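> Sending over a structure as C-alpha cells; questions will come in a sec.
Residue numbers (our numbering), protein chains in the order written: chain A, 6 to 349; chain B, 6 to 349; chain C, 6 to 349; chain D, 6 to 349.
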C-alpha cells in the first residue's frame, strides 16, 4: 500500500500515519520527495481499511498495490479452474467452449421450450437456459412462471439430456431453485447482492455470476470472492456488457477486452452473453465470434422458438434456424482457435 | 408508441405489425415517408412488451412516448407527496429540508454513536443514520454489527428523540430491521433487487431508495414503482452519485441535475447523499449547499465521532465539529431559498 | 420527426407547432392520446432544427426518425464503399482486411523505423503508420518530429513499397502532410474539429477518421459526413475505444460491436486500433482477433523496434517478433472468416 | 513515481528498471513484499515517460504520485489567479461571480442581439456571449455568421459597454477573432486541439477553456497547461457537463463537484455553463444556483430574444424575462454566500 501525503502535511501527521501502520504490523518505508512524502507500507492489506487511512489528516491518497481479491486471483492459484458441470461437460482452462442456449424466460408453452432444447442439443449446446424468476425493470412486465417454470426446465432436461441453468433472485428461493437446476445464475442487477452471494457459497452447484452493468473488473472479481470465500469455488464469470453513453444502437457496450483481462488476473472460467449485451439480433453473430476469438470459455445465447411472441427479450433472441447456422460457424472457429493459438 | 420500420420493410411486414397492435386494442396511424414507414400506436402500453414488437421482421425501432412509470409519475398524481416520518417531521413538497446524519456503520462504541447523535440533534438534524447490515465491496471488509447495531440505534433514539434510518439488505431481514428502525433504506447496489423492493411494499414504514450507480432516472423511478405498486407509497428517492469515467478525484459523479429532473417527473421527495457520492470530506460542504440550492428535500450526511478510526468510510465522514459548522451555513441557505424561490 | 407534446400543452400550443411545421413543408399527422398529443411530421428534416422545435412552449420532446447522416449512410448508398489506397491495395466491402502497422511516433532513428517497416511488409502489412505531429495530453511529452518525421516515412516507403499513413492536426498543416502521406489520419481528439474535417474534404487522399473517446456512433458518422459533404468520399472509420468507468485494467473500452453497427448503417470501411484502445501489450492479440471476427475491414497496430525506449506508447507496442507471430494467426483467421461467413 | 513489478518478475527485470531510473537521476527505494516488488522513484517525472517504463518486461503498473500539471496547479502557485477581463471586471479568487449571457449563435438580427445585451447589462451580467463560428454536430446545421457575427458583437459592445466573449475554432482564425473579442473561447470539442491551445498561448487576451465531454479533470488541467506553458496565464476553466449513460432527460451530466475539485488542485478561475450541460430550459435555474453554491467564479448562460426561432440551442435558452428573474435570485444567493462562507 502506498500512502501519498499532502504537500502541506506536517511531520506530526506523517508520523501519526506511520505509527498507525506499524501498530498493524506493516513495515514502513519513507520516501521523502521535494514536494511531498510518500509512505510505502508492506504487509497484509486485509488488516487495514484503506478508507480509514485516507481519512487521516494530511493524507492525500491511498493507493493499493496488491489486488484486493485473493481466492479468485491468479496470485493465490496460478492454474486455470476447470468446473465439472455434470454429464461430462467441463468449462474453463483448455476445455472446448461451452454454449448455453435457450429462451430468456420460460413461458407457458412447453412444446416451444422443447423445440428450442432439442435444436440446441443437436447444434452442440450443452446447457439449456431459461428464466423462471425474472428480474424486470418495470413491475408491469412479465415476472416469470416461478416454480412451474423450473418444472418445465427439468422436463426438458429429462427429454434432451441437456444441463439446466436458471436464475435465482433472493436467498429464500435458493433451495427451491437448486432443487431443479444444475447451474445457478446470479443476474447482473444482483451482482452486489452480498447476502445472495454469501448464501450461494453454501451451495455446491456451479454459479454463473453476471457482471453488473457498471461493475469494474475489480468489483466483479470481489463479488466472485464472496461466493468462493463462503465455500463454493465453482464460479463462472459472465461478461454481459456495461453501461455506456450511447444506447441508441446497442443496449450496453460489450467489454470484450474484459475476457482477456480476467483471464490474466483470475483463474476462473469466463463466458459471454452477447444477447443481453447488445439487445439486437443482428449483433449476436459477430459478437459471439468476437468473444470466442478473444478467448471466452463459453457463450450464453438467447434462442426462442418464436421470438415475435416471446414474453421478454424477443428483439435479441435468435430463431432456432439462426442458432443452428451460427453454431456451424462457431464450431469451425473454435476448431481453428484450438489448433492455432495454443497460448491463448 | 412509435414503431419505425426499416427502409427495406415489405408491405407484408408493415401490415403484420399493424395487425398485432390492433389485436391488442391499439389504434394505428400510418405515416408513410419517402424512405420509411412509421406507425403511431395509440393505446395502453402496458398491454404489449415493446421488445416483442421490436423483434418482428422489418421493425427498426420502437420508441415509447409515455413514461413507463405510473404511480411514481406526476401524470398520475400532480401534487407533491409529503411523507410523515414520525415525531412531527415531514419530508417533501414545501416542507423544510430534512437532514439525516450519522456514521456509515454502527460500531462497537455506543458512546461514540451517542456523541454524534446528540451533536446532530443540537445542530438541527432530525434523523440518525447508521448501518447495522453493511454491503461492502470486499468480503474482507467490516460487514456490520447486525442486530446489536440495531439495538444501539434504538438506544440512541431513546436518548435523543431522533428518528432512526438504517439499511435492509435481504428479504428475510426486513421484519427484524423494521422492528427497530423508523425508516428503512435500500442501498444503491440493491436498487434493482426486485424481491426486496416488492417485500418493502408490504411494510408501512418510509423507505429511502438509493439510486443505483448506473441507473438511469427512468430505471430509478421504475424501481420506486415496484415498492409503491406493492402497497407502500412512502418512498424517498436518494441521489448518491453515478459511475463516471473519472474516479481519480471523486468516487462518483454527483448528478445534481437529477434532483430537478425527478421533481419535474415525479411527486416523490428526493434527497442527496454527498458523502457516498464524492468519497472526500472536503467536498461535503460544497455539495450539500449545491444540492440544497438545486431543490433537494433533504440531505444524508456521514458524521463520525472519530473518522480516523471508523470501521468504514472514514475518508468521507465529517467530524462532529465540521458537521455543526456546516449546519449553520445550511440553515441560512435554507432560509434564503425558502423565502426567495417559492417556485423552486 | 415525432413531436411529443406535454400532457399540459394547450390546444393553442399544439396548433402553433403544427403551423410552424407546415410552413416548412412538413405534412402533419395528429395522434391525440388520452394523456398527450403526438405530432408526426413527414418531410425533409434538414429544413428544421429539432432543437428550435423543442424550445416551443408545450413541447416535451422531439424524436428523430431518420438518421441525420445522409452521405455516409446506407440509405443513400446501399453498396459498400471500397477505397483504393494505392499500390493495388483496396479496403472495404469484401476486400481482404488491411493491416496498418508501425510505431506510435516517428523517432530520431531511421534504422529502427526501417526495421519495423521491413518486418511489417514481410508479415503482410500494407501500410506503415507513424506520427510526425503528435497530439499529447501533456505539453511536456514528446510532440513529434514534424516535417523531418514525414521525410523518414517517405524514405521508408521508398525502401519497402509500403503505403504511408500519418496524422494531421491542424488546417495549415494539411498541405505539408498530404505532400508526403498516402493516407491522412484524424486523431480521436480532433474528431469534432470541424474546420479540419471540412478542409480534408478538399483533399483527394483517403482519410482515416478515429472515433472520439466519447463520440456516439451517430456523432462519429456525422463527423465523417463533414468530410464527404465537403468533397472527399474516401473516409475510413476507425474504432479505437471509448471512455469507460474502469480504466484500471484497460485505457478505454474497445467497442467491438460498433464494427457491426457501423456496417449496418454505413457503407464506409471500418477498421480497429486495438493498441490505443487497450494501452496494454498483452491485449493486442485477443482484441485483434476479436475485431477481425466481428467483421473489421482492417487493423491498425503499433509495432516498435524497441518498445522499452519508445518516445510514446511503448507499453502498448508489439515488438517486431510479436507482430510477426500475430500476423500468422490473423492470416489463418482471415482465411477462415473469408470462406465461412460470406454473409458477414 | 511508483513502479509495481509483476509477481513473476525476475530479479534481472527489476534491476533493469532500477538502472534505467537511476540513469535518469531518480533515487530508488526498493520495497520487496512477499508477493511482489515495488520501486519508489523519487525525482523529476518530466524526465521520463511513464508509458515507456510501463512497457519494460516485468512491469505491472506505473503509478504517478505527483500531478502531471505544473503551471495550472496549486503546487506551483498557491494563491488564486484573478484575471482582469477589462472594464474593471475581474474573475477568480474572492471577486464577485461574473455572469456571461447571450445567445448561442449570433444571428442575422442585430435588434434581437441588442435586446438581449441590454437586458443582460441591466440585470447585472458583465459579458455578452454569442457564437460567430459555430461547431455543430451535423454539417447541415447552421454554421455561424463568421466575421459579420463578430461585427454585430462589437456593435453591441459599443452600445452597452459589455465585454465580448466568442469562440475560436481554428488557428488561422485566431487573429480575426481576437481583433473583435475581449475573451476568446475554446469549445468542448476542441479542448484537446493542441495546436489551437498552443496558438492561444501567444495571445494576450483571456481564454475560456471548456471541458471536453469526456475529459477527466486531469486532462482538463493539462489542456489549460498547454495555453499557460505557451505564454498566456489568463485561462478560465468552464465546466459544461460530461457524457453520461442517461441522455434521456439531460444532454450531459453537469459535474458540479468538479468546481470544488478544481479549486483545490488549481488556482485558475472556474465557471459553469448550465445551458449546454443540461440542454433543458427548466434546469438552468436550479443548476445556476447549485453551481454558485458550490463555489463557481462565474456562470455562462444562454439567453435569446426569441428562443422558438433561434438558429441553434433554442430549447435551452432563457427568454430575456426568465433571465432577469434568475439574476434577482442569483444576486441574493451570491450575497449570502459572500457573507457566510468566507472559507469557500
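Idealized CB from N, CA, C, for every residue including glycine. These figures come from a predicted structure and were not determined experimentally.
1. Between the segment 219-229 of chain B and the segment 188-198 of chain C, do at least 3 Cβ pairs fall closer than 8 Å?
2. Within the chosen definition, does the segment 293-309 of chain B reach the segment 290-301 of chain D through at least 3 CB pairs nearer than 8 Å?
3. For a contact defined as C-beta to C-beta under 9 Å, what are the partners of residue 230(B) on chain A?
4. Please name the residues in the segment 64-88 of chain D whose beta-carbon is closer than 8 Å to at least one beta-carbon of chain A, in chain order.
5. Can you tell which of 32(B), 277(B), 249(B) has the C-alpha that lies nearest to the C-alpha of residue 214(B)?
6. Keeping to the same chain, check which residues put their C-beta closer than 7 Å to that of residue 316(A); ignore five residues upstream and five downstream.
7. Using three-state DSSP, classify residue 260(A) as helix, strand or coil.
8. What residues of chain B sit near residue 239(A), judged by a beta carbon separation below 7 Å?
9. Please report the straight-line C-alpha distance between residue 46(A) and residue 13(A), rounded to a whole angstrom.
10. Return the CA-CA distance between residue 180(B) and residue 240(B), expressed in angstroms with no decimal places.
11. So, at 8 Å on beta carbons, what are the nonlocal neighbours of residue 140(A) in its own chain, with the 5 sequence-adjacent residues on each side left out?
12. At a CB-CB cut-off below 7 Å, which residues of chain D make contact with residue 12(A)?
13. Is the distance from the Cβ of residue 48(A) to the Cβ of residue 19(A) below 8 Å?
14. To the nearest angstrom, how far is it from the Cα of residue 258(D) to the Cα of residue 93(C)?
15. Would you say residue 253(C) lies against chain A (beta-carbon separation less than 8 Å)?
16. Under 6 Å Cβ to Cβ from residue 74(D), same chain only, skipping five residues before and after it: list those, please.
17. Specify the secondary structure class of residue 42(D) as computed by DSSP and reduced to three states.
18. What does the Cβ neighbour count give for residue 40(C), buried or exposed, with the cut at 16 atoms within 10 Å?
19. Tell me, please, whether the CB atom of residue 249(D) is closer than 8 Å to any CB atom in chain A?
20. Which residues mark the beginning and the end of the alpha helix (DSSP H) in which residue 17(C) is found?
21. Taking 8 Å as the threshold, find out whether the segment 142-156 of chain A comes into contact with the segment 93-107 of chain A through three or more Cβ pairs.
22. Looking at the structure shown, is residue 333(C) part of a helix, part of a strand, or coil, going by DSSP?
23. Using a Cβ cut-off of 9 Å, pull out every chain D residue sitting near residue 6(B), in sequence order please.
24. Looking at chain C, is there any beta carbon in it that lies within less than 8 Å of the beta carbon of residue 284(B)?
25. What does residue 292(B) reach in chain D if we use C-beta pairs closer than 8 Å?
26. Express the C-alpha separation of residue 212(A) and residue 248(A) in angstroms, rounding to a whole number.
27. Can you tell me where the beta strand (DSSP E) holding residue 171(A) begins and where it ends?
28. According to DSSP, what are the bridge partners of residue 68(C)?
29. Specify the secondary structure class of residue 348(B) as computed by DSSP and reduced to three states.
30. Whole alpha helix (DSSP H) runs in the segment 289-332 of chain B with 4 or more residues, listed along the chain?
31. Assuming contact is defined by CB atoms lying nearer than 8 Å, are residue 164(D) and residue 133(D) in contact in what I supplied?
32. Measuring CA to CA, which of 17(B), 8(B), 29(B) is closest to residue 36(B)?
33. Restricting to Cα atoms, I'd like to know which of 232(A), 21(A), 272(A), 287(A) is closest to residue 263(C).
34. Any Cβ of chain D within less than 8 Å of the Cβ of residue 28(B)?
35. Give a yes or no on whether 8 Å exceeds the smallest Cβ distance from residue 347(C) to chain A.
36. Rank 335(A), 280(A), 303(A) by C-alpha distance to the C-alpha of residue 323(A) and give the top, closest one.
According to the structure shown:
1. Note that the segment 219-229 of chain B does not touch the segment 188-198 of chain C; fewer than 3 beta-carbon pairs, one per stretch, sit closer than 8 Å.
2. The segment 293-309 of chain B vs the segment 290-301 of chain D: in contact.
3. Using a Cβ-Cβ cut-off of 9 Å, residue 230(B) is close to 143, 144, 145 of chain A, given in chain order.
4. From the segment 64-88 of chain D, only 68, 70, 71, 80 have a Cβ closer than 8 Å to chain A.
5. Cα-wise, what sits closest to residue 214(B) is 277(B).
6. In chain order, 110, 112, 147 place their CB closer than 7 Å to the CB of residue 316(A), counting only its own chain and leaving out the 5 sequence neighbours on each side.
7. Residue state, collapsed to three classes: strand.
8. Neighbours of residue 239(A) on chain B: none; closest Cβ ~17 Å, over 7 Å.
9. Distance between the alpha carbons of residue 46(A) and residue 13(A): 21 Å.
10. If you draw a straight line from the Cα of residue 180(B) to the Cα of residue 240(B), it is about 18 Å long.
11. Only 172, 174, 192, 194, 195 meet the Cβ criterion.
12. Those are 80, listed as they occur along chain D.
13. Result no, Cβ atoms of residue 48(A) and residue 19(A) do not sit closer than 8 Å.
14. So the alpha carbons of these two residues sit roughly 48 Å apart.
15. It does: the Cβ of residue 253(C) has a partner Cβ on chain A nearer than 8 Å.
16. Apart from sequence neighbours up to five positions away, the residues of its chain that approach residue 74(D) with a beta-carbon distance below 6 Å are 226, 227, 230, ordered along the chain.
17. Strand at residue 42(D).
18. Residue 40(C) counts as exposed, since fewer than 16 other C-beta atoms from the protein chains shown sit within 10 angstroms of its C-beta.
19. Yes, residue 249(D) lies at the interface with chain A (some Cβ there is under 8 Å from its Cβ).
20. For residue 17(C), the enclosing alpha helix (DSSP H) begins and ends at 16-28.
21. Cβ pair count under 8 Å is below three, so no.
22. Secondary structure of residue 333(C) (DSSP, three-state): helix.
23. Those do not exist, as residue 6(B) stays about 16 Å from chain D at its closest Cβ, beyond 9 Å.
24. Contact with chain C is absent for residue 284(B), since none of that chain's Cβ atoms lies less than 8 Å from the residue's Cβ.
25. In chain order: 261, 262, 265, 299.
26. So the two alpha carbons sit approximately 23 Å from each other.
27. Its beta strand (DSSP E) spans residues 168-172.
28. Paired residues: 7(C).
29. Note that residue 348(B) has pLDDT 44, beneath the 50 cutoff, so the model's placement of it is unreliable and the number below is only indicative. If DSSP states are grouped into helix, strand and coil, residue 348(B) belongs with coil.
30. The segment 289-332 of chain B is shown to contain whole alpha helix (DSSP H) runs of 4 or more residues at 289-298, in chain order.
31. With respect to residue 133(D), residue 164(D) sits apart: the two C-beta atoms are not nearer than 8 Å.
32. The closest CA to that of residue 36(B), considering only 17(B), 8(B), 29(B), is found on 8(B).
33. Restricting attention to 232(A), 21(A), 272(A), 287(A), the CA atom closest to the CA of residue 263(C) is found in 287(A).
34. Residue-level contact by beta carbon fails for residue 28(B) and chain D, as no gap is shorter than 8 Å.
35. Below a pLDDT of 50, predicted positions are generally treated as unreliable, and residue 347(C), at 39, falls in that range; the measurement from the model is reported next regardless. At a cut-off of 8 Å between C-beta atoms, residue 347(C) does not count as an interface residue with respect to chain A.
36. Each of 335(A), 280(A), 303(A) was checked against the Cα of residue 323(A), and the nearest Cα belongs to 280(A).
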